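Trainee: Sharing a structure with you now.
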Amino acid sequence: MSASKGISFVYNRPGFASVSLEEQLTHNIQCMHMAFQYRMLMRLSIMLLAVLVPAATRVVATTRASARQGGEENETAMALPGCKPKCGNVTIPYPFGIGDSHCFFGPRFQITCNDGSTEPRLMESRMIVTNIYLEEGELQTEQLVNRVCFDSRGYPNDTEDQSKGGLSVIPPYTISGAKNMLVAVGCDTYVRFVGSRDDQNNAIDKNDSCSGMGCCETKIPPLLHNLSLTVSSFRQHEPVWDFNPCGYAFVVRKGNFTFSNTSFQQLRNTTRLPLVLDWKIGDESCENAKKNNKTYACKGNSTCLDKTSGYICKCLAGFQGNPYFEDSCQDINECDDLNSCTNGQCINIPGNYTCSCDSGYHNLDNITCIEVPNAKRWKILLGVSLSFSVLVVAILWKYRKSRKKREENLRRIYFKENGGELLKEKLGNKARIFTESEIQEATNNYAERNELGREGMELFTEEY
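Start counting the sequence shown at 1; every next residue gets the next number (full-length UniProt numbering).
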């Protein structure tokens, strides 16, 4: 729904504006059919208003439930030598730091971590730091869940009344509009959101969305330095008290809250949810910051990225480490990845790698090896030729072996048919029958000079 309908702006002076509501945006919707416990159907009024003014932003929103979902990003981050690198389970990378002033970039990057504490806090505030993202220029903290609860008679439950809350940050920090969203949960519930920033004369968020009964969510404007929330009820939750005695409102990191039919009960036991702050290292552009080497924060093998009214640093592509101190951004050895080069050998170079291609392949773009044209066809032809040659040799060898065996069988048959066996029995040991091959060998292949009675050949006989 559009939050701009029926809203006018009255400007008192530059840099500040107040809002008058000419007409109230109201939608009658069904709240919830709680069939699993309550078989009741009712129509409840839920209101959503979202307005951002020059120095103040006001949003009235219907409610939406949620369930916390974790997920922390693994960052390569290091502290300066001699400085404490962690507080509890949270890594504290430079430009943030713990302890002495040389451990952090400036007073507003100081992290307080008292002895024995597992909860790092930004500067000396009560703001708990749960993660720091160097490459994105983001810091994750936790924000209270605001709530208002009523008893069966419609009176506020003072023990659970946290209907008002807020957050205020100073430069170089702003509340992220891209990574956070405003969520309200509960039937018969509305929320007022007020935020302020420095450089906006007037604006309005028209892209709010309500995606369910008893719940609502909307974007928040970017670059806010503070926000406040007030959660309340139209009819003190009397029509829905038996299943929904409380209303909730909070600003939460996108993706860390999901509405479900158990959200009412889960929120009763939830006090804080994650919220993202943007930060920057300086208050000038990269172009201007580079002119002063003494104050320029980006060190070797890193690059500068502009942010609104400031900049952050990032290691160059192919490098990893902390871009805010010397010699930290180190070359990544892509060759450690076994899949870096297919059909080639990986060669690591600063910030990148190349592939030396195998035989039959050539480089397409220094890191991709493709087959040389016709190489595949020649490989197939060679394979077929070799296979055919092996087959022919095998057939010839088999044929010769079969033929030799057949000839031997024929000789054996002829020997038997021509009385060879009988002659062999009669001769016994008095004579020996030679095979043709033995005779050929003995006569030097029937050489004439070896014939009996020839010149130079004497015949000897032996009497028995």
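No residue lacks a Cβ here, since even glycine has one placed at the ideal position from N, Cα and C.
In this text the structure is predicted, and so the values were computed from the model without any measurement.
Using beta-carbon positions only, say whether S125 and V148 come within less than 8 Å of one another.
Mentor: Here residue 125 is taken as the residue at index 125 of the sequence shown, counted from 1. Here residue 148 is taken as the residue at index 148 of the sequence shown, counted from 1. Taking 8 Å as the Cβ cut-off, S125 and V148 do not qualify as a contacting pair.
Trainee: Helix, strand or coil for V240? Go by DSSP, reduced to three states.
Mentor: Numbered from 1 along the sequence shown, position 240 holds the residue referred to as residue 240. Here V240 sits in helix by DSSP.
Trainee: Rounded to whole angstroms, how far is the Cβ of G351 from the Cβ of L316, which I believe are closer than 8 Å?
Mentor: Taking the first residue of the sequence shown as position 1, residue 351 is located at position 351. Taking the first residue of the sequence shown as position 1, residue 316 is located at position 316. 6 Å between Cβ atoms; contact.
Trainee: Taking the CB atoms as reference points, tell me whether T189 and V251 lie closer together than 8 Å.
Mentor: The sequence position of residue 189 within the sequence shown is 189, counting from 1. The sequence position of residue 251 within the sequence shown is 251, counting from 1. No. Outside cutoff.
Trainee: What are the start and end residues of the beta strand (DSSP E) that includes S168?
Mentor: In the sequence shown, the residue the question calls residue 168 occupies position 168. Looking at the DSSP string, the run of the beta strand (DSSP E) that includes S168 is 164-168.
Trainee: State the DSSP-derived secondary structure class of F259, mapped to helix, strand or coil.
Mentor: Stepping through the sequence shown from its first residue, residue 259 is reached at position 259. DSSP places F259 in coil when its eight states are reduced to three.
Trainee: Give the secondary structure of residue 465 by DSSP, where H, G and I count as helix, E and B as strand, and everything else as coil.
Mentor: With the chain covering 1 to 464 only, the question about residue 465 has no answer from this structure.
Trainee: Who pairs with L391 in a beta bridge, going by DSSP?
Mentor: If you number the sequence shown from 1, residue 391 lands on position 391. According to DSSP, which records beta bridges pairwise, L391 is partnered with nothing at all.
Trainee: Does the pairing of the stretch 127-144 with the stretch 264-275 give three or more beta-carbon distances under 8 Å?
Mentor: Counting C-beta pairs with one atom in each stretch, the stretch 127-144 and the stretch 264-275 have three or more that are closer than 8 Å, which means they touch.
Trainee: Is it right to say Y324 is buried, meaning 16 or more other beta carbons lie within 10 angstroms of its own, or is it exposed?
Mentor: The residue given as residue 324 occupies position 324 in the sequence shown. Counting the other Cβ atoms within 10 Å of the Cβ of Y324 gives 16 or more, which makes it buried.
Trainee: According to DSSP, what are the bridge partners of M181?
Mentor: One-based indexing of the sequence shown puts residue 181 at position 181. For M181, which the question treats as bridged, DSSP gives the partners K219, V252.
Trainee: Between which residues of its own chain and residue 466 is the CB-CB distance below 6 Å, once the five residues before and five after are set aside?
Mentor: This structure leaves residue 466 out entirely; the chain is present only between 1 and 464.
Trainee: The beta strand (DSSP E) with A304 in it runs from where to where?
Mentor: Working through the sequence shown from its first residue, we reach residue 304 at position 304. With the sequence shown as reference, residue 304 is identified as Cys, and Ala is not the correct amino acid for it. Start and end: 302-307.
Trainee: How would you label A394, buried or exposed, when you count the other beta carbons within 10 angstroms and need 16 or more for buried?
Mentor: Looking up residue 394 in the sequence shown gives position 394. Its Cβ having fewer than 16 others within 10 Å, A394 is exposed.
Trainee: Thinking C-alpha only, which one of L305, A249, F234 is nearest L227?
Mentor: For this step, residue 227 is matched to residue 227 along the sequence shown. For the residues L305, A249, F234, the minimum Cα distance to L227 belongs to A249.
Trainee: Alpha carbons only, please: which of N348, S302, H237, Q320 is nearest the one belonging to I312?
Mentor: Translated into the one-based positions of the sequence shown, residue 312 becomes position 312. Here the closest residue by C-alpha is S302.
Trainee: Helix, strand or coil: how does DSSP classify P274 here?
Mentor: Position 274 of the sequence shown, counting from 1, holds the residue named residue 274. Here P274 sits in strand by DSSP.
Trainee: Across which residues does DSSP place G97 in a beta bridge pair?
Mentor: Residue 97 sits at position 97 when you count from the first residue of the sequence shown. The partner list for G97 (beta bridge, DSSP) reads Q110.
Trainee: So, is S233 buried or exposed, given that buried needs 16 or more other C-beta atoms within 10 angstroms?
Mentor: Taking the sequence shown and counting its residues from 1, the one referred to as residue 233 is at position 233. Buried: at least 16 other Cβ atoms inside 10 Å.
Trainee: Using 10 angstroms around the beta-carbon of D327, count the other beta-carbons present and answer buried if the total reaches 16, otherwise exposed.
Mentor: The residue labelled residue 327 in the question sits at position 327 within the sequence shown. Exposed: under 16 other Cβ atoms inside 10 Å.
Trainee: Could you check whether I370 and T354 sit closer than 8 Å to each other, using their CB atoms as the reference points?
Mentor: Reading the sequence shown from its first residue, position 354 is the one you call residue 354. Reading the sequence shown from its first residue, position 370 is the one you call residue 370. In this structure, I370 does not lie closer than 8 Å to T354 by Cβ.
Trainee: Are the stretch 335-343 and the stretch 289-308 touching by the rule of at least three beta carbon pairs closer than 8 Å?
Mentor: Result no; under three Cβ-Cβ pairs closer than 8 Å.
Trainee: Out of L167, R235, E217, N261, which has the shortest C-alpha to C-alpha gap to L224?
Mentor: Start at 1 with the first residue of the sequence shown, and residue 224 comes out as number 224. The residue with the shortest Cα to Cα distance from L224 is L167.
Trainee: Could you spell out where the alpha helix (DSSP H) holding I439 opens and where it closes?
Mentor: By 1-based counting over the sequence shown, the position of residue 439 is 439. First-last of the alpha helix (DSSP H) with I439: 436-442.
Trainee: Roughly how many angstroms lie between the CA atoms of L364 and L139, to the nearest whole one?
Mentor: As a first step, residue 364 is located in the sequence shown; it is residue number 364 there, counting from the start. As a first step, residue 139 is located in the sequence shown; it is residue number 139 there, counting from the start. Looking at the two C-alpha atoms, the distance is approximately 42 Å.
Trainee: Can you tell which of F109, N288, D100 has its C-alpha closest to the C-alpha of P172?
Mentor: Taking the sequence shown and counting its residues from 1, the one referred to as residue 172 is at position 172. Of the candidates F109, N288, D100, the one whose C-alpha sits nearest the C-alpha of P172 is F109.
Trainee: Report buried or exposed for K379, applying the criterion of at least 16 other Cβ atoms within 10 angstroms of its Cβ.
Mentor: The count along the sequence shown starts at 1 and reaches residue 379 at position 379. So K379 ends up on the exposed side.
Trainee: Apart from the five residues on each side of it in sequence, which residues of its chain come closer than 7 Å, Cβ to Cβ, to G300?
Mentor: One-based indexing of the sequence shown puts residue 300 at position 300. Excluding positions up to five away in sequence, the list reads E326, D327, C329.
Trainee: Identify which residue in R235, E217, E334, G106 has its Cα closest to the Cα of G255.
Mentor: By one-based count along the sequence shown, residue 255 stands at place 255. The shortest Cα separation from G255 among R235, E217, E334, G106 belongs to E217.
Trainee: Starting from the C-beta of P245, find all residues in its chain whose C-beta is less than 7 Å away, skip the five residues before and the five after it, and write them out in chain order.
Mentor: Counting from 1 along the sequence shown, the entry for residue 245 is found at position 245. Take P245, set aside five residues on each side of it, and the residues of its chain with a beta-carbon closer than 7 Å to its own are C149, F150, H237, in chain order.
Trainee: Could you name the residues of the same chain whose beta carbon sits closer than 8 Å to that of G106, not counting the 5 residues immediately before and after it, in chain order?
Mentor: Here residue 106 refers to the residue found at position 106 when the sequence shown is read from its first residue. Here the set comprises P95.
Trainee: In chain order, which beta strand (DSSP E) runs of at least 3 residues are fully inside the UniProt domain "EGF-like" (331-370)?
Mentor: Here the runs fully enclosed are 344-349, 352-357, 361-363.
Trainee: Identify the residues that DSSP records as bridge partners of Y173: which are they?
Mentor: As a working note, residue 173 is residue 173 in the sequence shown. According to DSSP, which records beta bridges pairwise, Y173 is partnered with W279.
Trainee: Secondary structure at C286, three-state DSSP: helix, strand or coil?
Mentor: Along the sequence shown, read from residue 1 onward, the residue named residue 286 stands at position 286. Three-state result, C286: helix.
Trainee: So the candidates are G177, N114, R412; which of them puts its Cα closest to the Cα of T435?
Mentor: For the purposes of this step, residue 435 is identified with residue 435 of the sequence shown, where counting begins at 1. The shortest Cα separation from T435 among G177, N114, R412 belongs to R412.
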